[in-house]
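Residue numbers (UniProt numbering): 1 to 132.
Just so it is clear, CB atoms sit at the ideal spot from N, CA and C, and this is done for glycine as well.
Worksheet: the structure to be examined is printed underneath.
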Amino acid sequence: MNLLHYTIEKIAKNLNALSTNYDKNRVSNLERAKEIIMSEYSSNLSIKDIAYKSAINECYLKKDFKKYYGMTILEMLQKRRLEVAKELLKDDFSINEVATKVGYKHTGHFSKLFFNYFNISPNTYKKQIYSF
C-alpha cells in the first residue's frame, strides 16, 4: 500500500511540476515544434531546423520536448512517419513509394523500422489488407 501511495504522490508531483515549470510561451513553442513534425514529417527535418522554426533553443527543445510529450523529437517523428506509412500502404502505392513519401531514403531501413514498430513487415501488412 505504501508503494501505491508513493507512486501516486510521485505522479502528482510530476504533473504539478509540468504545469508550473512551463510558461505559456514555452508550451506554445513546444506545440509549434510538434506541429512542424506532424506537417513536415516527409522532409529532411533536423532538430536544428525544428528548433529554429519553433523559436526555441535547440538544447531546451530536446530536454523540454521529452518532458512535455514523453518521447524524444526523433521518436515522435518516426512515429508520425510510420503511422502515415501504414495508411498509405492501404492505397495502391508500392513499399518503395510509401517509404519515399514519408521521408525514408532507403526501403530496407523503412521496412525494418516498420516491422519493429508494428511487429509486421510492410509487405505482409499490405498483403493482409488486400486479402480481404
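Whole-angstrom Cβ separation of residue i and residue j, contact assumed at under 8 Å?
i: alanine 33; j: phenylalanine 65; result: 6 Å
Return the chain-ordered list of same chain residues with a C-beta closer than 8 Å to the C-beta of residue i, the five sequence neighbours on each side being excluded.
i: tyrosine 69; result: Leu30, Lys34 and Met76
i: isoleucine 129; result: Leu89 and Lys90
i: isoleucine 50; result: Ala33, Ile36, Ile37, Leu61 and Ile73
Between residue i and residue j, is the Cβ-Cβ spacing less than 8 Å?
i: lysine 101; j: serine 39; result: no
i: glutamine 78; j: leucine 45; result: no
i: lysine 62; j: isoleucine 47; result: yes
i: asparagine 96; j: threonine 107; result: yes
i: isoleucine 37; j: lysine 53; result: no
Within a Cβ cutoff of 6 Å, which residues of the same chain sit near residue i, ignoring the five residues on either side of it in sequence?
i: phenylalanine 115; result: Ser121
i: lysine 126; result: Leu89
i: isoleucine 73; result: Ile47 and Phe65
i: tyrosine 104; result: Phe110
i: residue 134; result: This structure cannot settle anything about residue 134, because the visible part of the chain is limited to 1 through 132.
i: valine 84; result: Val102
Using a Cβ-Cβ cut-off of 7 Å (strictly less than) and excluding sequence neighbours within five positions of residue i, which residues of its own chain qualify?
i: tyrosine 117; result: Leu82
i: glutamate 58; result: Ile47, Lys48 and Ala51
### Task
Could I get the ranges of all uninterrupted beta strand (DSSP E) runs contained in the region 32-97, with 3 residues as the minimum, in chain order?
Complete beta strand (DSSP E) runs here, min 3: none at all.
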